[in-house]
Structures are given as structure tokens and as C-alpha cells.
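Asker: Residue numbers (our numbering): 298 to 610.
The beta-carbon is built from N, C-alpha and C at its ideal position, and this holds for glycine as well.
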């Protein structure tokens, strides 16, 4: 496993997103023992970066992570998020200083830890100036409860304003072969300021693995059944993306998921994706990408893929 820096925080090049163990996807919450084995296997494979959030479940995902990493806290970079749940009586997004304070205490308790390595604002809160939110996080850093600050899905102006208050270690945003939005404006700002990028859903919510060619087999409450990229004919149109990924995978004798991750790693040394899974086999597959060398021609072919059909959410 390779390791890179997000700001001055060192993480494994491939992390593990654990949201799907508890929420949103088919089979979520059905086999905790397999989820815990998956986290253990990730650690054995050199993964240090584990990503959760209070809203996943809500709350139960953080508790699951705590059970899985008990006795191994020093081996991991633990990332969680606040702001999608209000603890202060507000409705909607809440990144007020009061909510940040209440949220971190809850996450520390559920995670059974004294500190959070990387604490993200889950989404920008239009009702709270980012300077107030980051100021509250700076107080938590002074208290030793938070070590590094992250943002998620923030625009360039917000990133700059936040970074002016305190260095931001990482921005988490969706980025993959079918979601390339950060490339135009966000990535240049991150690189100017020395902020790392943590792509979530680097496998397109499972689509880029090649294992989803219809909605059959997905649970009735699986989030993808209502996602615009999987509905209204978009899924069928988007198959041309995964078909090309599969073609490159055959050429290099690897899986489509590995090719999609290898393409992402080739975009820069400041990118540390967090593919999500709840299965041991998938974490083994996702972490075995260090030795994949896509040719310039193969990367060009992947770069030339059409934009995905359908809105992200």
C-alpha cells in the first residue's frame, strides 16, 4: 500500500468508506460480522483511512466502526462528518458553532475515542458563515478533540474562505470516471492551497464495477433505485462507459473496479479515494491496484468517455 499526504495528514492511498455497511445500499445492516471482517481485512491490507459520518444510519455506522477498530485506534486515520443532523433544534443543515460542539461530543462517544483525525463539514450550510464553522473547529483542535479539518462538496470560494481561517487538510467530493466535476474549478484551487482530494463513490456507486446492468437484485429501498443515473433510461445509456472500462480491464487482465481506481490514482499524487464496500472480497480487490500501470493510450480512451447521463443526485 502506498501512502500520501492530505495537507500534513498521512493516509493510505486507498481508504475505506463504510457508509454502505449501515445505510442506503442493498444489504445494508444485514451482516455486521462480515462488515467487521471487511474493516479488519482492510487494515491487514495496509488501509489506514476509515471514513464514516454521524448521519450514516444515523449514528449506528460510527458505533460499528468503534467495534471494528477496538484496540487498534493507533493504526488508523479516523474520519467522520457533522452538519447533516442538527443537535440544536434547527431544521436542515446545521454547521453552527453550537451544533459543531454537540456533534463532536456525540461522535467521540460513539466512536469510543478521545480524538478524530479528520473532521469534515458534511455539506456547506447556507445558514452559517464558513468562518464561524471553522472557528468552532479550531477550538476543538485546541482541545485535542480534532486533529485536522475537512470540507465536503464545497465550492472554490468556500474552500478559500475556510482555508483562510485554518488550513484545510482535505476536500471530500464525488469524483470518478462518471463524475468529473471537480476537475474544472475545484482541483486547481486544492492544488494551489495544498489541500488533498478524497473522492467518495470512486466506483460510481458500484456501477463502474460492471456488476450493475439493471436494477434487478437491488433492494426496494436501495438509494440507486431513485438516482437519476440509474433511472429513466440513464442506466442503459451509461453502460457505454462501463463497457469501455471493461475493455481496458481485459487488456490489462484486471477487474473493471481496479481499472476505474487506477485511472483515478493516475490523476494526481494528492488524491486518496475511499471506495466503499461491506465485503472482504471487494476490499481485497480495491486495495490491489498499486501495480496497475495504465498506458497513456488507455488513459486517453478513458478520459474521452462521454459524460454520464442523468444528474448525480
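1) Return helix, strand or coil for residue 467, following the three-state DSSP convention.
2) Have a look at residue 409 and residue 571 and give me their C-alpha separation to the nearest angstrom.
3) Considering residue 491, what are the terminal residues of the alpha helix (DSSP H) in which it resides?
4) Use the C-beta contact count for residue 350: other C-beta atoms within 10 angstroms, 16 or more gives buried, fewer gives exposed.
5) For residue 590, does the count of other Cβ atoms within 10 angstroms reach 16, so buried, or fall short, so exposed?
6) Excluding sequence positions up to five away, which residues of its chain have a Cβ less than 6 Å from the Cβ of residue 475?
7) So, residue 543 versus residue 493, is the Cβ gap smaller than 8 Å?
8) Just to confirm, are residue 550 and residue 599 a CB contact at a threshold of 8 Å?
9) Determine the contact status of residue 378 and residue 419, defining contact as a CB-CB distance below 8 Å.
10) Going by C-alpha to C-alpha distance, which of 444, 580, 383, 609 sits closest to residue 311?
11) Between the alpha carbons of residue 423 and residue 547, how many angstroms are there, rounded?
12) Alpha helix (DSSP H) containing residue 540: first to last residue?
Answerer: If we stick to the structure as given:
1) Strand at residue 467.
2) Between residue 409 and residue 571, the C-alpha separation is close to 22 Å.
3) Note, residue 491: premise wrong, no alpha helix (DSSP H); not H, not E.
4) That one is buried.
5) Looking at its Cβ environment, which holds fewer than 16 other Cβ atoms inside 10 Å, residue 590 is exposed.
6) Excluding residues within five positions, the ones whose Cβ falls inside 6 Å are 501, 538, 605.
7) Cβ atoms of residue 543 and residue 493: not closer than 8 Å.
8) In this structure, residue 550 keeps its C-beta atom at 8 Å or more from the C-beta atom of residue 599.
9) Yes, the pair counts as a contact, with Cβ atoms nearer than the cut-off.
10) Considering only alpha carbons, the answer is 580.
11) Taking the straight line from one Cα to the other gives about 46 Å.
12) Residues 531 to 549.
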